[in-house]
Amino acid sequence: MSGETLLLIDGQLVRVTAGSSVAAALRVAGGMGVARTSVTGQPRAPFCGMGVCQECRVLIDGHRRLACQTVCAEGMRVETSE
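Residue numbers (the numbering used here): 1406 to 1487.
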């Protein structure tokens, strides 16, 4: 396993340390920690870090996943808006 992983977040190529969670990659991507918005449009982001709150729900390769519980994989496609 190399030391870095390259993935696509909302169309932006992002390089992260191998073994990083998708939630961490969202932060590395330059403030893209917001995964969802509330009913009022306020930004939401990962809260619990262990998959209970589900605030970090994103689309990964077309499937709904929790960013805090998913390890980045080479070439993974992440979309932060559902």
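Note that the Cβ used here is the ideal one computed from N, Cα and C, for glycine as well. As the structure is a computational prediction, the values presented were derived from the model and not from experiment.
The shortest C-alpha to C-alpha distance from residue 1448 to any of 1407, 1410, 1485, 1409 is the one to 1485. DSSP lists no beta-bridge partner residue for residue 1432. Shown here for residue 1466: same chain residues with a beta carbon closer than 7 Å to its own, the five before and five after excluded, namely 1481, 1482 in chain order. Secondary structure note for residue 1444: it is in no beta strand (DSSP E), with a DSSP letter that is neither H nor E.
Assigned with DSSP and collapsed to three states, residue 1463 falls in strand.
The three-state reading of DSSP puts residue 1457 in coil, since its state is none of H, G, I, E or B. Residue 1463 counts as buried, since at least 16 other C-beta atoms from the protein chains shown sit within 10 angstroms of its C-beta.
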